[in-house]
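Numbering (the numbering used here), first residue to last: 4 to 86.
Beta carbons are placed, not taken as given, at the ideal position from N, Cα and C, and that holds for glycine.
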């Protein structure tokens, strides 16, 4: 064996908080849940079972701290209400 094989690590996808929220919202909607109620339940309790595992939504939401979720949501709201 005279050849050296180069290892190319798989780059981990770095999702933004906004894209994670959007993907989780879509997954909840697809499964027939009220996405707003489920996200509020998760943010208040920290219990990931409020989020479906469909589409990897639960593992996605667990990548973020709940305060990061709130920060993203409040920032979006304020920027879009032109406060």
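If the five residues before and after residue 20 are omitted, its C-beta is found closer than 7 Å to the C-beta atoms of 67, 71, 72, 75, all from its own chain and listed in chain order. Counting the other CB atoms within 10 Å of its CB gives residue 53 a total of 16 or more, which places it among the buried residues. Fully enclosed alpha helix (DSSP H) runs of no fewer than 4 residues occupy 20-33 of the stretch 11-39, in order along the chain.
Per DSSP, residue 59 lies in no alpha helix (DSSP H) segment and is marked neither H nor E.
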